[in-house]
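Written below as structure tokens is the structure these notes are about.
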Amino acid sequence: MPTVHVNLDKRNYPIVVGNEILKDIGDSLQNFEAISKIAIVINPLVASFHLKSVKESLLNKGFKVSVIIVPDGEKFKDYRQLLNIHRKLVQEKLDRRSLIIALGGGVIGDISGFAAATFMRGIRYVQIPTSLLAQVDSSIGGKTGINFLKIKNLIGSFYQPKLVYTDVSLLRTLSQEELHNGLAEVIKYGVIKDAGFFQYLEKNIEKILDLDLSCLEKVVFQCAEIKAKIVQEDEKEKGIRTILNYGHTLGHCFETVSKFSYKHGQAVSLGMVYAGKIAQKIGLLNREDAKKIERLLQKAHLPVSPLKKFNPQEILAILEMDKKRSAGKQKFVLPKKIGQVIIKDDIPIELLKEVLLNAKENNIFS
Ligand SMILES: NC(=O)c1ccc[n+]([C@@H]2O[C@H](COP(=O)([O-])OP(=O)(O)OC[C@H]3O[C@@H](n4cnc5c(N)ncnc54)[C@H](O)[C@@H]3O)[C@@H](O)[C@H]2O)c1
Ligand SMILES: [Zn+2]
Numbered sequence: 545m546p547t548v549h550v551n552l553d554k555r556n557y558p559i560v561v562g563n564e565i566l567k568d569i570g571d572s573l574q575n576f577e578a579i580s581k582i583a584i585v586i587n588p589l590v591a592s593f594h595l596k597s598v599k600e601s602l603l604n605k606g607f608k609v610s611v612i613i614v615p616d617g618e619k620f621k622d623y624r625q626l627l628n629i630h631r632k633l634v635q636e637k638l639d640r641r642s643l644i645i646a647l648g649g650g651v652i653g654d655i656s657g658f659a660a661a662t663f664m665r666g667i668r669y670v671q672i673p674t675s676l677l678a679q680v681d682s683s684i685g686g687k688t689g690i691n692f693l694k695i696k697n698l699i700g701s702f703y704q705p706k707l708v709y710t711d712v713s714l715l716r717t718l719s720q721e722e723l724h725n726g727l728a729e730v731i732k733y734g735v736i737k738d739a740g741f742f743q744y745l746e747k748n749i750e751k752i753l754d755l756d757l758s759c760l761e762k763v764v765f766q767c768a769e770i771k772a773k774i775v776q777e778d779e780k781e782k783g784i785r786t787i788l789n790y791g792h793t794l795g796h797c798f799e800t801v802s803k804f805s806y807k808h809g810q811a812v813s814l815g816m817v818y819a820g821k822i823a824q825k826i827g828l829l830n831r832e833d834a835k836k837i838e839r840l841l842q843k844a845h846l847p848v849s850p851l852k853k854f855n856p857q858e859i860l861a862i863l864e865m866d867k868k869r870s871a872g873k874q875k876f877v878l879p880k881k882i883g884q885v886i887i888k889d890d891i892p893i894e895l896l897k898e899v900l901l902n903a904k905e906n907n908i909f910s
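According to this note's numbering, the stretch in the sequence shown is residues 545 to 910, in order.
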């Protein structure tokens, strides 16, 4: 099976990408050192589609299995549900030789990974990502955690899985909106690292939207490869890993001003468009590449201009708050051309204002 290897000293792990491979998960886990018990963490929606197949595959290979249900939604990525998972792990008598399977989107992946990191000082876990976003992004790289005091991912740790097991056929049950959401991150990889991949996306976007699984297999594999390489170089985000935040600086602001009515991917799409505007303004990016990025986002049913009226000042205030929180300078990841970005921490506030206010003049904010 096509496999990407994440090489991190003693914490190496494979990312397996395939089509219709879910039923074989039991085989893959047989290669692991003795597993006393497996807990599958899942939400009710994903359970209704995909739990049976995983459970059967594990039981067929003689594993002992428990299931822990977490309600669906970002608001449940919290300490209550974390404790709920821990409580169930105790009740079901999991021990240091047990293993957690995170079977779901990014929410389940993040909270289950953190539950694994903190239970008995760390037990093994496996990611089976089921949303496109989770397959190309959140399942890879070992960032785990929960939200706290309305701050996203405030409590968490870097804790790598033992295996990421990605079956693109699971995307068949994903809603269109969630598919588009994940495509924002897919397009991000093309812009930050790989012009050839960007071109492939331009050519095949219709197929991707029609859920052509062999095409999606290539896309997910390519994204996994790009992210794995970046994580390998800079696991704890002290340098190059920052480029994965392309579109996320302003994206986060759009998420906040929309009071989270924007999906993450929609906000990141806007963030990428505005990063392009800033990059053009400082003479970094040419108009043609900026347009290409916008066109591809649009084809992927992602917004390239805000859907609602925003006050640019509000966005600047959120940026300022983020800057304080990160105790440093506001970093922008800006495209130089498709396939290459640079990190700038000296974008003058006046320039930002101008880009955001221009947007207003262009009627983008109304
Ligand atoms: N750890 C990281 O590096 C990292 C990176 C990016 C995002 N994240 C986190 O990931 C989360 C977002 O992930 P997400 O977009 O997957 O959200 P999500 O987990 O909420 O999933 C989105 C929706 O799709 C549903 N779903 C998932 N797979 C499905 C399937 N196969 N069929 C039908 N429905 C399915 C879910 O039930 C949910 O309703 C956020 O909490 C974000 O902070 C983490
Ligand atoms: Zn993101």
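From the three backbone atoms N, C-alpha and C, an ideal C-beta is built for every residue, glycine too.
As the structure is a prediction and not an experimental result, all values here were calculated from the model.
Task: residue 711 in three-state terms, based on DSSP - done: What you label residue 711 is simply residue 167 of the sequence shown in a count that begins at 1. Strand, per DSSP.
Open item on the list: Here's a check: name, in chain order, each residue in its chain whose Cβ is nearer than 6 Å to the Cβ of residue 692, leaving out the five neighbours to either side.
Closed with: To locate residue 692, count along the sequence shown from 1; it is residue 148. So the qualifying residues of the chain are 698 and 699.
Task: At least 3 beta-carbon pairs within less than 8 Å: the stretch 616–624 vs the stretch 674–682 - done: no
Open item on the list: Measuring only from the beta carbon, is residue 697 closer than 8 Å to any heavy atom that is part of ligand 1?
Closed with: Residue numbering aside, residue 697 sits at position 153 when the sequence shown is read from its first letter. True, at least one ligand heavy atom lies under 8 Å from that Cβ.
Task: Exposure label - residue 812; buried when at least 16 CB within 10 Å - done: For the purposes of this step, residue 812 is taken as residue 268 along the sequence shown, with counting starting at 1. Its Cβ being crowded by 16 or more others within 10 Å, residue 812 is buried.
Task: residue 816 burial status per 10 Å Cβ neighbour count (16 or more: buried) - done: Sequence index remark: in the sequence shown, residue 816 carries index 272 (1-based). Buried: at least 16 other Cβ atoms inside 10 Å.
Task: For residue 582: DSSP bridge partner residues - done: Position 38 of the sequence shown holds residue 582. The partner list for residue 582 (beta bridge, DSSP) reads 609 and 643.
TODO: Pull every residue with its beta-carbon under 7 Å away from any heavy atom of ligand 2, and keep them in chain order.
DONE: 681, 729, 792, 808 and 812
- [ ] Would you kindly work out how many angstroms separate the C-alpha atoms of residue 735 and residue 864, rounded to a whole number?
- [x] Start at 1 with the first residue of the sequence shown, and residue 735 comes out as number 191. Start at 1 with the first residue of the sequence shown, and residue 864 comes out as number 320. Answer to the nearest angstrom: the Cα atoms are 26 Å apart.
TODO: Say yes only if the C-beta of residue 706 is nearer than 8 Å to one or more non-hydrogen atoms of ligand 1, and no if none qualify.
DONE: Your numbering for residue 706 matches position 162 in the sequence shown. Not so, every heavy atom of ligand 1 lies at least 8 Å from the Cβ.
TODO: Using three-state DSSP, classify residue 779 as helix, strand or coil.
DONE: Walking along the sequence shown from the start, residue 779 turns up at place 235. Looking at residue 779 - three-state DSSP - the assignment turns out to be coil, as it is neither helix nor strand.
TODO: Evaluate residue 654 with the Cβ neighbour count: other Cβ atoms within 10 Å of its Cβ, from every protein chain shown; 16 or more gives buried, anything less gives exposed.
DONE: Here residue 654 corresponds to residue number 110 of the sequence shown, with the count starting at 1. It is buried - the Cβ of residue 654 has at least 16 other Cβ atoms within 10 Å.
- [ ] Would you please state the rounded distance, in angstroms, between the beta carbons of residue 791 and residue 819? I believe it to be under 8 Å.
- [x] For the purposes of this step, residue 791 is taken as the residue at position 247 of the sequence shown. For the purposes of this step, residue 819 is taken as the residue at position 275 of the sequence shown. About 6 Å; that satisfies the 8 Å criterion.
- [ ] Return the first residue and the last residue of the alpha helix (DSSP H) that residue 863 is part of.
- [x] In the sequence shown, residue 863 corresponds to position 319, counting from 1. Element bounds for residue 863: 856–869.
Task: Secondary structure of residue 704, DSSP reduced to three states - done: Here residue 704 refers to the residue found at position 160 of the sequence shown. Residue state, collapsed to three classes: coil.
TODO: Pick helix, strand or coil for residue 850, following the three-state DSSP scheme.
DONE: Position 306 of the sequence shown, counting from 1, holds the residue named residue 850. Note: residue 850 maps to coil in three-state DSSP.
Open item on the list: Counting C-beta neighbours from all protein chains within 10 Å, is the total for residue 625 16 or more, i.e. buried, or is it exposed?
Closed with: Taking the first residue of the sequence shown as position 1, residue 625 is located at position 81. Label assigned to residue 625: buried.
Task: Status (buried if at least 16 other CB within 10 Å, exposed otherwise) for residue 737 - done: Residue numbering aside, residue 737 sits at position 193 when the sequence shown is read from its first letter. Its Cβ being crowded by 16 or more others within 10 Å, residue 737 is buried.
Task: Rounded straight-line distance, which links the Cα of residue 584 to that of residue 644 - done: Here the question's residue 644 lines up with position 100 in the sequence shown. Here the question's residue 584 lines up with position 40 in the sequence shown. If I take the Cα positions, the gap works out to 6 Å.
TODO: Give the straight-line distance between the Cα atoms of residue 599 and residue 613, rounded to the nearest whole angstrom.
DONE: Mapped onto the sequence shown, residue 599 falls at position 55. Mapped onto the sequence shown, residue 613 falls at position 69. So the alpha carbons of these two residues sit roughly 14 Å apart.
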